[in-house]
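S.K.: Quick note, the sequence shown lines up with residues -19 to -1, 1 to 482 if you use mature numbering (1 follows the signal peptide of the UniProt record, and there is no 0).
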Amino acid sequence: MWVCVAFVLSVLFSGRGLGCPDKCICWRDGHVNCVDQRLRGVPHGLPGTTVNLDLSWNSIAGIPARTFENLTALRYLYLQGNEISHISGEALLAIPSIQELWLSENQLQDFPWSVLPRLTSLLRLDLQNNRLAHVPSGDLPLFPALTWINLAYNEITTIGGDFLSSQPALETAAVHNNPFSCNCSLQSFREWLDSTKVSVPNNADIVCATPRHLEGRNVMAVPIGALTCRPPTVAVYPTNINVLVGHTTVMLCNTTGDPDPDVEWILPMGAMISAASKTRRIRVLHDGSLLLSPVRQTDAGIYTCIATNQEGRANATATMNVTRVDCAGAECRSIASDTVPVRIFVTSVTSNSALIQWFPLVDEPLMLTPYRVLYYRLGESLQQTAVLKHGVFLYKMKNLKPSSRYSVCVTQSILPQADHCMEFRTEDAELTHTYITIGYTLGSVLLLLLIATVVYCYMRCYRRKRRAMFQRSMNAVNLSNNHVTIPRAENGTAVQMNGHG
């Protein structure tokens, strides 16, 4: 009987015969389940009557523009637990009836906020645990029906109070566990937290990541007057550099400021480039340094590094002199290739030291050319340099500052190539002290155990010795008992008996 019932239910509700994609289960009421099927994309051929689509816990990497064509009835879309790094705004506009959009546990670095005002039915938006760094500011969009939004566990450094206060239907906003920069950019959000009636869950985990003196403090506990900004400063190193044609060179631009300034470079011919510029031979690295590879004769001139944030602008210049070498054959090849690729490792990092090791990636490195190690603390212009003997492939950097990020490079040329460098962070001073304390504690415990062992062995030997002495004394007593004197009899005489009776 139960088998018949199950068969009837499967016929009534299952949609396998309605063009349901492989690895999915479709029901006649509009539900489609494709959970945990290792899908790399949204499957084709979904029923046009789909209302609830669950694609969670797959390996979907992106949502192109035409993904949801003909799914105009879709109201609930579950995409959490995928690998989505991009979602097209056009794809969302194709599902105008969407009410709930679940995108947590993905790799989104950006989101098409501009299309949300046109999704007039959207009630819930879950973007938790992505890599979002920004939310809208300026001309803020209105999400007319949105009642619930989750932005927790992202990389958002600042958020405007206007972004949240301008949503007319908002009831819940989760923003905890983001690396907030507690500066002037966060003032309106701080004011919103004080005045809002919107539910803000886990507000104890809304904490400052920067600046250092506010790190770890709850945003709601920071006075609004303490949320200040600092104008940028710039230092370029080296300020004067000589480079050979065909070589690779890097000019460092160390900046400070709160919030972190944007970095741009002005080249000798007047062109301006930034990290977003689509250039290959000359480009700005993620730390603001300028990389030129290979250097041309026309690259000679004055370079200007500009740092800008909302508090102002600062700049510094450097001069590059380019020399052409007239040579031929093997001599030219030697000059143009005076460094070899290396693999770099930084180990044994403490609060004030680190060990760098490197290994040539070619069979015949230039053993007669010494390696140079260059390292500096990010945000400072002072660079430390060490020239090592040929054949040496490790170096210990000392006198580092705790809780600081450093850049270190290894090269055999005038300046290192970008792929010969890496960054690392020194440990907190407290952590090193903790390790030292643990070491002292373990050492003390081991010492006490050793002392206890020695005392125990000594006491055992002492007790064994006392037992032996006692045994000898008892033997002596037994020998003396061989002659016993009987007390005086009634007549006053003593009777002596030998031990043998």
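Heads up, the beta-carbon is just placed ideally off N, CA and C, and yes, glycines get one too. Model, not experiment: these values are computed from the prediction.
On a Cα-Cα basis, can you pick out the residue from 183, 207, 186 and 100 that is closest to residue 193?
M.R.: It is 207.
S.K.: So, at 6 Å on beta carbons, what are the nonlocal neighbours of residue 139 in its own chain, with the 5 sequence-adjacent residues on each side left out?
M.R.: Cβ neighbours of residue 139 beyond the five flanking positions: 162, 166 and 167.
S.K.: Which residue wins for smallest C-alpha separation from residue 177, given the options 195, 251, 149 and 401?
M.R.: When only C-alpha atoms are compared, the closest one is 149.
S.K.: Compare the C-alpha of residue 205 against each of 146, 182, 222 and 171 and name the closest.
M.R.: For residue 205, the nearest C-alpha among the options comes from 171.
S.K.: Please report the straight-line C-alpha distance between residue 23 and residue 335, rounded to a whole angstrom.
M.R.: Cα to Cα, the separation comes out at about 47 Å.
S.K.: Could you please give me the residues that DSSP links to residue 377 through a beta bridge?
M.R.: Partner(s): 336.
S.K.: What does a CB cutoff of less than 8 Å around residue 302 pick up in its chain, not counting 5 residues either side in sequence?
M.R.: Excluding positions up to five away in sequence, the list reads 221, 222, 223, 224 and 281.
S.K.: When the Cα atoms are used, what is the spatial distance from residue 52 to residue 111?
M.R.: If I take the Cα positions, the gap works out to 26 Å.
S.K.: For residue 201, does the three-state DSSP call read helix, strand or coil?
M.R.: Helix, per DSSP.
S.K.: Should residue 353 go down as buried or exposed, given a rule of 16 or more other Cβ atoms within 10 Å for buried?
M.R.: Answer is buried; the Cβ neighbour count reaches 16.
S.K.: DSSP three-state label for residue 418, please.
M.R.: DSSP places residue 418 in helix when its eight states are reduced to three.
S.K.: With burial defined as no fewer than 16 other Cβ atoms inside 10 Å of the residue's Cβ, what is the status of residue 228: buried or exposed?
M.R.: Residue 228 should be labelled buried.
S.K.: Out of 60, 337, 442 and 420, state which residue places its alpha-carbon closest to the alpha-carbon of residue 406.
M.R.: Among 60, 337, 442 and 420, the Cα nearest to that of residue 406 is on 337.
S.K.: Among 180, 375 and 380, which one has its Cα closest to the Cα of residue 365?
M.R.: If we check each option's Cα against that of residue 365, 380 comes out closest.
S.K.: Looking only at its own chain, which residues have a Cβ that is under 8 Å from the Cβ of residue 383, when we skip the five neighbours before and after it?
M.R.: Result list for residue 383: 332, 333, 407, 408, 409, 410 and 413, in chain order.
S.K.: Tell me the rounded alpha-carbon separation between residue 85 and residue 147.
M.R.: For residue 85 and residue 147, the distance between alpha carbons rounds to 23 Å.
S.K.: Report all residues from its chain with a CB closer than 8 Å to the CB of residue 18; omit the five preceding and five following residues, and keep chain order.
M.R.: So the list reads 4, 5 and 39, once near-sequence residues are dropped.
S.K.: For a test of the three-state rule: what should DSSP assign to residue 117, helix, strand or coil?
M.R.: Here residue 117 sits in coil by DSSP.
S.K.: Take residue 64 and list the residues in its own chain whose beta-carbon comes closer than 8 Å to its own, dropping the five residues that flank it on each side.
M.R.: Cβ within range, chain order: 40, 41, 42, 87 and 88.
S.K.: Determine the extent of the beta strand (DSSP E) in which residue 488 is found, giving its start and end residues.
M.R.: Only positions -19 to 482 of the chain appear in this structure, which leaves residue 488 out of reach.
S.K.: Where do the ends of the alpha helix (DSSP H) carrying residue 483 lie?
M.R.: Lying outside -19 to 482, the shown extent of the chain, residue 483 is not represented and no answer is given.
S.K.: Return yes when the Cβ of residue 151 is within less than 9 Å of the Cβ of residue 129, no when it is not.
M.R.: Result yes, Cβ atoms of residue 129 and residue 151 sit closer than 9 Å.
S.K.: Assuming residue 46 is part of the alpha helix (DSSP H), what are its boundary residues?
M.R.: No alpha helix (DSSP H) holds residue 46; DSSP gives it neither H nor E.
S.K.: Starting from residue 12, follow its DSSP beta bridges and name the residues at the other end.
M.R.: Answer by DSSP bridge pairing, in chain order: 33.
S.K.: Quick check on DSSP: helix, strand or coil for residue 138?
M.R.: The answer is coil: DSSP assigns residue 138 none of H, G, I, E or B.
S.K.: Exposed or buried, what is residue 326 when buried is set at 16 or more other beta-carbons lying within 10 Å of its beta-carbon?
M.R.: So residue 326 counts as exposed.
S.K.: Between the C-alpha atoms of residue 264 and residue 271, what's the straight-line distance to the nearest angstrom?
M.R.: The straight-line gap from Cα to Cα measures roughly 6 Å.
S.K.: Take the Cβ of residue 199 as the centre, count every other Cβ of all protein chains shown within 10 Å, and call the residue buried at 16 or more, exposed below.
M.R.: So residue 199 counts as exposed.
S.K.: Are the CB atoms of residue 59 and residue 35 nearer to each other than 9 Å?
M.R.: Contact flag set, yes.
S.K.: Could you give the distance in angstroms between the alpha-carbon of residue 137 and the alpha-carbon of residue 197?
M.R.: Approximately 15 Å between the Cα atoms of the pair.
S.K.: Once DSSP output is grouped into helix, strand and coil, what is the label at residue 154?
M.R.: If DSSP states are grouped into helix, strand and coil, residue 154 belongs with the strands.
S.K.: Please classify residue 183 as buried or exposed, where buried requires at least 16 other C-beta atoms within 10 Å of its C-beta.
M.R.: By the 10 Å Cβ count, residue 183 comes out exposed.
S.K.: Quick one: what's got a C-beta closer than 6 Å to residue 14's C-beta in the same chain, skipping five residues either side?
M.R.: Contacts found: 6 and 35.
S.K.: Can you tell me the Cβ-Cβ gap for residue 298 and residue 285, rounded? I've got them flagged as a contact below 8 Å.
M.R.: So it is a contact: roughly 5 Å between Cβ atoms.
S.K.: State the CB to CB distance for the pair residue 135 and residue 113, rounded to an integer number of angstroms; the pair is presumed to be in contact (CB under 8 Å).
M.R.: That pair is a contact at about 4 Å.
S.K.: Determine the DSSP secondary structure at residue 289, reduced to helix, strand or coil.
M.R.: If DSSP states are grouped into helix, strand and coil, residue 289 belongs with the strands.
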